[in-house]
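Peer 1: Got a structure here, written out as structure tokens. Questions coming.
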Amino acid sequence: MATSIVLFTADLRLHDHPPLRAALAEADEVVPLFVRDDNVAAAGFAAPNRLAFLADCLTALDAALRERGGRLVVRSGDVVDQVGAVVAATGAGAVHMAAGVSGFAQDRERRLRAALAERGCALHVHDCVVTAVAPGAVTPANGDHFAVFTPYYRRWSQQGVRDVVAAPRTVRVPSGLASERVPARADVREVSPGVPPGGEAVARTRLAAWLRSGIAGYADGHDDLAGDRTSRLSPHVHFGTLSPVELVHRAGKTDGPGPAAFVRQLCWRDFHHQVLAARPRAAWADYRDRQDRWRGEDEAADDIEAWRRGRTGFPAVDAAMRQLAHEGWLHNRGRLIAASFLTKTLYVDWRIGARHFLRHLVDGDIADNQLNWQWTAGTGNDTRPNRVLNPVLQGKRHDPEGAYVRRWVPELAELAGAAVHEPWRLTGLERARFDYPEPIVDLAEGLARFRQARDRS
DNA sequence: GCGGTATTAGG
DNA sequence: CTAATACCG
């Protein structure tokens, strides 16, 4: 009786799952395996908010497998050792998994391939599970990857995506195979209070609601901080409880600017994945070295601490930082404002900001987070690397009524309208009533510092 | 078919 | 300012 293993990583779903489909097609019994990989924690990647969401995803995956006659097998340790142990216990002839793009994922694939070859077990790595279009599937004429988004977007759109694969009706799992208890969200401590529930069922319900009543307004509404009119699907896409291929198909079914803008954002995600796949070092090193001499933890300790705590004195920045800490999620416009302020105005190393975001974001993704930070810092793929976002103007433009600031900065909740964006304009007596910090930096001085630093290069 | 160069366009 | 491509010798 043939047995295959499906190693789940960032693809915690049963719908549109080619590795699972392939395993079921070739084997009588399949081991759906998740390894809580020690190396993930060792790489500093095990943040409470993500662990809590991950626990939900695994619980839901186990439940969905049980509805189909199977179950999830959970192990802990080094992923290569654990897969090897399951191969030894079951005599499995093949392991199926999704391709990853990071240096971590590429290394994991290499190590698995070598270890499984010794056991006479095949490793099948499937593309288009984590991304809609595989990294390297479209390339420029002279190069291994696209460095500018728009040409990539054109080619990506022409390329199209593979068909959606149906979820299996039954999954037969070998009996007697040891598994740890599936982790529960309650096991995780120090989770932000607003972290949403995870899991494929929740994700699919949310997707259906988004397609029915959210996506049509996305082109107009995506930058509206207070309106909160984005999909909020990013955690589900990050953990793979939603398939980007399925998202492209289902969002693309309807015409109009909303669906097109949404699919374009999915393309941004693939774009960053193909950059990182070709340049894994860009996770922590400048994609383009612009000779920046960023300020670090020592030189800018007070500024960095104020930024992290949401006490910079710039309401739009502080609202964003507090939303991040509370929800483990942040509106995209809030990410841009907070990141531009740290890197361009305070001239602090983008890695410090990227690390803080990774500590909190449920959707914290090595490709998207790091390359978006590089984009903002001007070391990445922005074609205008010197762009600086003014946090006051950004606040007035994207939160014109000030409702977003009042929601997240209660010290300013009594101020009406757009006045919340400039609390320093109040008279001394009024200001004394609000326990809110003075701006930690003069925007003009910050701009001058940045220009001076960049002009040296 | 290649390498250099002009053109276009870019979150 | 520069990637990507169209163009040309």
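Residue numbers for the first sequence follow the numbering used here, so the first one is 289 and each next one is one higher.
From the three backbone atoms N, C-alpha and C, an ideal C-beta is built for every residue, glycine too.
Quick caveat: nothing in here was measured; it's all calculated off a predicted structure.
Measuring CA to CA, which of V676, F434, A701 and A472 is closest to Y257?
Peer 2: Residue numbering for the chain in the displayed model covers 289 to 745; residue 257 lies beyond these limits and cannot be assessed.
Peer 1: Have a look at A707 and G683 and give me their C-alpha separation to the nearest angstrom.
Peer 2: Here residue 707 corresponds to residue number 419 of the first sequence, with the count starting at 1. Here residue 683 corresponds to residue number 395 of the first sequence, with the count starting at 1. Those two C-alpha atoms are separated by around 11 Å.
Peer 1: Per DSSP, what kind of secondary structure is S745 in: helix, strand or coil?
Peer 2: Along the first sequence, read from residue 1 onward, the residue named residue 745 stands at position 457. Only weak support is given to the placement of S745: the predicted model assigns it a pLDDT of 48, under 50, and the question is left unresolved by the model.
Peer 1: Taking 9 Å as the cut-off, decide whether the C-beta atoms of H414 and V383 are in contact.
Peer 2: Stepping through the first sequence from its first residue, residue 414 is reached at position 126. Stepping through the first sequence from its first residue, residue 383 is reached at position 95. Against a cut-off of 9 Å, the Cβ pair of V383 and H414 comes out as no contact.
Peer 1: Please state if the CB of A298 and the CB of G528 are separated by a distance shorter than 9 Å.
Peer 2: What you label residue 528 is simply residue 240 of the first sequence in a count that begins at 1. What you label residue 298 is simply residue 10 of the first sequence in a count that begins at 1. Against a cut-off of 9 Å, the Cβ pair of A298 and G528 comes out as a contact.
Peer 1: Keeping to the same chain, check which residues put their C-beta closer than 6 Å to that of R363; ignore five residues upstream and five downstream.
Peer 2: In the first sequence, the residue the question calls residue 363 occupies position 75. Closer than 6 Å at the Cβ level, and outside the excluded window around R363, lie V323 and Q370.
Peer 1: Per DSSP, which residues does V293 bridge with? Please list them.
Peer 2: Here the question's residue 293 lines up with position 5 in the first sequence. In the sequence as displayed, the identity of residue 293 is Ile instead of Val. According to DSSP, which records beta bridges pairwise, I293 is partnered with V319 and V383.
Peer 1: Can you tell me whether N660 is buried or exposed, with buried defined as 16 or more other CB within 10 angstroms of its CB?
Peer 2: Position 372 of the first sequence, counting from 1, holds the residue named residue 660. The residue is buried, with at least 16 neighbouring Cβ atoms inside 10 Å.
Peer 1: Under three-state DSSP, which class holds H709?
Peer 2: Position 421 of the first sequence, counting from 1, holds the residue named residue 709. H709: helix per DSSP, three-state reduction.
Peer 1: At which residues does the alpha helix (DSSP H) containing R557 begin and terminate?
Peer 2: Within the first sequence, residue 557 is the residue found at index 269, counting from 1. Looking at the DSSP string, the run of the alpha helix (DSSP H) that includes R557 is P545 to A566.
Peer 1: Look at H537 and V421 and say whether their C-beta atoms are less than 9 Å apart.
Peer 2: Here residue 537 refers to the residue found at position 249 of the first sequence. Here residue 421 refers to the residue found at position 133 of the first sequence. Contact: no.
Peer 1: Nearest-angstrom Cα distance between D511 and R639?
Peer 2: Translated into positions along the first sequence, residue 511 becomes position 223. Translated into positions along the first sequence, residue 639 becomes position 351. If you take the alpha carbons of D511 and R639, they lie about 25 Å apart.
Peer 1: For the stretch 399-409 against the stretch 543-552, are there 3 or more C-beta pairs whose distance is under 8 Å?
Peer 2: The stretch 399-409 is not in contact with the stretch 543-552.
Peer 1: Is the Cβ-Cβ distance between T291 and G379 less than 9 Å?
Peer 2: Walking along the first sequence from the start, residue 291 turns up at place 3. Walking along the first sequence from the start, residue 379 turns up at place 91. Yes, the pair counts as a contact, with Cβ atoms nearer than the cut-off.
Peer 1: Helix, strand or coil for R597 per DSSP?
Peer 2: For the purposes of this step, residue 597 is taken as the residue at position 309 of the first sequence. Here R597 sits in helix by DSSP.
Peer 1: Taking the C-alpha atoms as reference points, what is the distance between V680 and E689?
Peer 2: Numbered from 1 along the first sequence, position 392 holds the residue referred to as residue 680. Numbered from 1 along the first sequence, position 401 holds the residue referred to as residue 689. Going from the Cα of V680 to the Cα of E689 covers about 13 Å.
Peer 1: Please state the DSSP three-state secondary structure of L411.
Peer 2: Here residue 411 is taken as the residue at index 123 of the first sequence, counted from 1. Residue state, collapsed to three classes: strand.
Peer 1: Taking 6 Å as the limit between beta carbons, can you name the residues of its chain near P336, skipping five residues before and five after?
Peer 2: Residue numbering aside, residue 336 sits at position 48 when the first sequence is read from its first letter. The residues are V476, E478 and V479.
Peer 1: Taking only runs that begin and end inside the stretch 620-686, name each unbroken alpha helix (DSSP H) of 4 or more residues, in chain order.
Peer 2: Those alpha helix (DSSP H) runs which fall completely within the stretch 620-686 and span 4+ residues are 620-628, 638-648, 654-665 and 679-686.
Peer 1: Does the distance from the C-beta atom of G784 to that of R517 stay below 9 Å?
Peer 2: Residue 784 is absent from the structure shown; the chain starts at 289 and stops at 745.
Peer 1: Check for me: the beta strand (DSSP E) holding G509 runs from which residue to which?
Peer 2: Start at 1 with the first residue of the first sequence, and residue 509 comes out as number 221. That residue, G509, is in no beta strand (DSSP E); its alpha helix (DSSP H) goes Y506 to G509.
Peer 1: Assign S463 to one of three DSSP states: helix, strand, or coil.
Peer 2: Taking the first sequence and counting its residues from 1, one reaches residue 463 at position 175. Here S463 sits in coil by DSSP.
Peer 1: Going by beta-carbon coordinates alone, are A741 and D580 separated by less than 9 Å?
Peer 2: As a position in the first sequence, residue 741 is number 453, starting the count at 1. As a position in the first sequence, residue 580 is number 292, starting the count at 1. Closer than 9 Å, so yes.
Peer 1: For E726 and G601, I'd like the C-alpha separation in whole angstroms.
Peer 2: Start at 1 with the first residue of the first sequence, and residue 726 comes out as number 438. Start at 1 with the first residue of the first sequence, and residue 601 comes out as number 313. Near 5 Å, if we compare the C-alpha coordinates of G601 and E726.
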